[in-house]
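Asker:
There are 2 protein chains.
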Amino acid sequence: MKVTLENVLPSEIERRSFEIITQELGDRELDPEQAPVIKRVIHTSADFEYADTLCFSEHVIEKALDAIRNGASIVTDTQMGRSGINKKCLAGYGGQVYCFMGDEDVAEAARKNGTTRAAASIDKAARMDGPLIFAVGNAPTALVRLYELIQDGVLSPALVIGVPVGFVNVVQSKELIMKTDVPYIVARGRKGGSNVAAAVCNALLYMLDETRGMGNGQEQRQT
Amino acid sequence: MKVTLENVLPSEIERRSFEIITQELGDRELDPEQAPVIKRVIHTSADFEYADTLCFSEHVIEKALDAIRNGASIVTDTQMGRSGINKKCLAGYGGQVYCFMGDEDVAEAARKNGTTRAAASIDKAARMDGPLIFAVGNAPTALVRLYELIQDGVLSPALVIGVPVGFVNVVQSKELIMKTDVPYIVARGRKGGSNVAAAVCNALLYMLDETRGMGNGQEQRQT
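As structure tokens, then:
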């Protein structure tokens with residue numbers, strides 16, 4: 014048995030999806046620099062609420078693309094986020110994707126200091142060299158620890174993607190990040206997730222790729 | 014600088030989140046067997062729409078738990094989904110989690126047959142022995158291929174978790190699965206994703222764990 018549905022070539026599905034998203038956003042005026050990020054988050058979630066909730070600090074897209082061009086690495090708080098980010102594309106600029114959540118020294122530090130592993134993994138990342146992008150899709154405690162280290166002058170991230178999802182301290186942790194003067198992209202409210210974190214990273218990567226004429230992808234499919 | 018927010022111990026965050034979800038669902042009567050799945054999907058997405066859109070075939074929870082107890086493996090269409098499923102917990106019952114999307118033979122078969130890799134990876138799974146649960150969080154073409162193989166009598170999954178997200182053929186592919194007589198859990202409409210697929214799997218696993226007195230987890234944190 015062979016089923017035929019809407020006749021769209023596999024390679025065309027993403028382009029067609031973005032057309033539909035653009036169409037359904039209608040007259041809504043998106044900042045042209047922010048639009049690719051907003052649309053890719055909607056693409057990965059089918060949730061148009063993100064057009065209202067995504068918050069961008071001033072000139073953040075320009076700053077984020079510069080950081081990637083300069084070889085920034087991405088630190089994320091979940092293996093799911095790590096799976097979803099296009100690592101090959103990032104490697105083309107010299108960066109790597111790290112998730113320290115499963116590391117033994119992080120578990121040990123968390124136990125010792127009575128923190129979450131997510132907070133301890135931020136401490137570990139703070140000891141790294143080079144420009145860093147933090148993509149937080151799960152743990153508000155990671156955002157809170159980032160806020161503390163930023164306010165103490167210990168850490169100066171090139172970008173904080175603050176999109177944890179959840180019901181306890183999530184909303185507040187995002188508001189904290191928006192009080193700092195570091196570049197941020199934050200999904201205000203409860204919604205977010207590893208998929209959203211990966212989508213924001215990939216949107217940035219593909220914005221650079223377009224100027225390099227490279228292909229596109231779908232974050233959920235990356236290995 | 015040390016920030017103090019809502020005072021909830023890390024180990025208590027998930028329990029507290031489920032309390033909030035239960036509270037906000039209010040008077041809504043959920044089927045007690047389905048409730049843990051619905052709540053965990055809301056937990057992973059902060060999206061209460063899933064209380065309306067998740068569809069369950071008759072006795073699906075009972076059948077799904079039986080399949081896991083009998084050592085069913087899970088085949089998923091993304092590495093993100095694979096990352097999110099609690100593999101250690103599944104292994105306790107004898108099952109494994111597979112994602113064939115990156116396999117060379119799948120890429121080759123897709124090229125040869127002019128299909129997506131997602132469809133080709135279902136064909137590969139169809140040659141496996143033992144009970145299988147399919148957790149589709151991304152590719153409607155995987156669901157369509159499942160439908161074709163089910164209708165042809167080639168494949169008889171123990172459970173189909175049909176939760177792809179997107180704008181092209183996603184809605185239709187889910188409706189197709191609900192026309193079959195295999196056990197299914199489907200998120201009707203456009204919404205879903207790898208995180209939702211993992212959440213459904215983990216909800217089922219933790220339902221069994223409760224009876225075994227094992228701990229709980231958060232799918233986004235699994236490695």
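Residue numbers (this note's numbering), protein chains in the order written: chain H, 14 to 236; chain Z, 14 to 236.
Note that beta-carbon positions come from the ideal geometry of N, C-alpha and C, so glycine has one too.
Could you tell me the boundaries of the beta strand (DSSP E) in which H/Ile198 lies?
Answerer: Run containing H/Ile198: Tyr197 to Ala200, per the beta strand (DSSP E) assignment.
Asker: Ignore the nearest five residues each way along the sequence and tell me which others in H/Leu172's own chain have a CB closer than 8 Å to its CB.
Answerer: Answer for H/Leu172: Val73, Lys76, Ala77, Ala80, Ala85, Ile146, Phe147, Val195, Pro196, Tyr197 and Ile198, listed in chain order.
Asker: Assuming H/Lys52 and H/Thr35 form a contact by the criterion Cβ under 8 Å, report the distance between their Cβ atoms to the nearest whole angstrom.
Answerer: The pair is a contact, with the Cβ atoms about 7 Å apart (cut-off 8 Å).
Asker: With 16 as the cutoff for other CB atoms within 10 Å, does H/Lys187 come out buried or exposed?
Answerer: Buried, by the Cβ-count rule.
Asker: Would you report the Cα separation of H/Gly175 and Z/Met220, rounded to the nearest angstrom?
Answerer: Computed Cα separation, rounded: 31 Å.
Asker: Within its chain, find whatever has a CB closer than 7 Å to the CB of Z/Phe31; leave out the 5 residues flanking it on each side and keep chain order.
Answerer: So the qualifying residues of the chain are Lys52 and His56.
Asker: First and last residue of the alpha helix (DSSP H) that includes Z/Gly97?
Answerer: Z/Gly97 -> alpha helix (DSSP H) spans Gln92 to Gly97.
Asker: Between which residues of its own chain and Z/Val178 is the CB-CB distance below 8 Å, once the five residues before and five after are set aside?
Answerer: Answer for Z/Val178: Gly150, Asn151, Arg203, Lys204, Gly205, Gly206 and Val209, listed in chain order.
Asker: Return no unless some Cβ of chain H is closer than 8 Å to the Cβ of Z/Leu217.
Answerer: False, the Cβ-Cβ gap to chain H never drops below 8 Å.
Asker: Drop a sphere of 10 angstroms on the beta-carbon of Z/Asp60, count the other beta-carbons inside from all chains shown, and report buried for 16 or more, exposed for fewer.
Answerer: Its Cβ being crowded by 16 or more others within 10 Å, Z/Asp60 is buried.
Asker: Just reading off the alpha helix (DSSP H) that Z/Leu9 is part of, what are its end residues?
Answerer: The question about residue 9 of chain Z has no answer, for chain Z in this structure spans 14 to 236.
Asker: Could you tell me whether the stretch 119-129 of chain H touches the stretch 89-105 of chain H, where touching means 3 or more Cβ pairs closer than 8 Å?
Answerer: Segments in contact, no.
Asker: Would you say H/Met93 faces chain Z, with C-beta separation under 8 Å as the test?
Answerer: Yes, because at least one Cβ of chain Z sits closer than 8 Å to the Cβ of H/Met93.
Asker: Between H/Pro23 and chain Z, is the shortest Cβ-Cβ distance under 8 Å, so that the two count as touching?
Answerer: With 8 Å as the cut-off, H/Pro23 counts as an interface residue toward chain Z.
Asker: When you compare the CB positions of Z/Ala139 and Z/Leu103, do they come within less than 8 Å of one another, or not?
Answerer: The answer is no: Cβ separation not under 8 Å.
Asker: By alpha-carbon positions, which one of Z/Val16, Z/Leu43 and Z/Val54 ends up nearest to Z/Glu27?
Answerer: Measuring from the Cα of Z/Glu27, the nearest candidate turns out to be Z/Val54.
Asker: In terms of DSSP beta bridges, what is Z/Ile190 paired with?
Answerer: According to DSSP, Z/Ile190 bridges with nothing at all.
Asker: When you compare the CB of H/Glu19 with every CB in chain Z, is at least one pair closer than 8 Å?
Answerer: Output row for H/Glu19: interface = yes.
Asker: Could you spell out the range, first to last residue, of the beta strand (DSSP E) harbouring Z/Ser86?
Answerer: Ser86 to Thr89 is the span of the beta strand (DSSP E), which, as asked, contains Z/Ser86.
Asker: Which residue from H/Ala200, H/Val183 and H/Ile135 puts its Cα closest to that of H/Ile163?
Answerer: The residue with the shortest Cα to Cα distance from H/Ile163 is H/Ile135.
Asker: Check the Cβ-Cβ distances between Z/Lys137 and every residue of chain H, and say whether any is below 8 Å.
Answerer: Chain H, which has no Cβ nearer than 8 Å to the Cβ of Z/Lys137, makes this no.
Asker: Can you look up Z/Tyr106 in the DSSP assignment and give me helix, strand or coil?
Answerer: DSSP places Z/Tyr106 in coil when its eight states are reduced to three.
Asker: Which one or two residues does DSSP pair with Z/Leu67 in a beta bridge?
Answerer: Z/Ala200.
Asker: Under 8 Å, do Z/Gln92 and Z/Cys68 count as touching if we go by C-beta distance?
Answerer: Contact: no.
Asker: Mapping the DSSP letters down to three states, classify Z/Val119 as helix, strand or coil.
Answerer: Z/Val119: helix per DSSP, three-state reduction.
Asker: In or out: Z/Met114 buried (at least 16 other Cβ within 10 Å) or exposed?
Answerer: Buried.
Asker: On a CA-only basis, which of Z/Asn182, Z/Ile190, Z/Asp90 and Z/Glu46 is nearest Z/Leu217? Give me that one, please.
Answerer: Selected option, being the one with the closest Cα: Z/Glu46.
Asker: Return helix, strand or coil for Z/Val149, following the three-state DSSP convention.
Answerer: Strand at Z/Val149.
Asker: Along the chain, where does the alpha helix (DSSP H) containing H/Ser30 start, and where does it finish?
Answerer: H/Ser30 -> alpha helix (DSSP H) spans Ile26 to Leu38.
Asker: For Z/Gly175, write down the residues that DSSP places opposite it in a beta bridge.
Answerer: Paired residues: Z/Val149 and Z/Val199.
Asker: At a CB-CB cut-off below 9 Å, which residues of chain Z make contact with H/Ile87?
Answerer: None at all; the shortest Cβ gap to chain Z is about 15 Å.
Asker: Quick check: H/Ala64 and H/Leu38, are their CB atoms within less than 8 Å of each other?
Answerer: Contact flag set, yes.
Asker: Starting from the beta carbon of Z/Asp60, find every residue of chain H whose beta carbon is closer than 8 Å, and list them in chain order.
Answerer: What Z/Asp60 touches in chain H: Asp60 and Lys204.
Asker: Which chain H residues are close to Z/Asn182, counting only those with a beta carbon under 9 Å from its beta carbon?
Answerer: The contacting residues are Leu18, Glu19, Val21 and Ile26.
Asker: Closer than 7 Å to a non-hydrogen atom of the ligand FAD - does that hold for the CB of H/Gln164?
Answerer: The model depicted lacks the ligand FAD and carries no ligand whatsoever.
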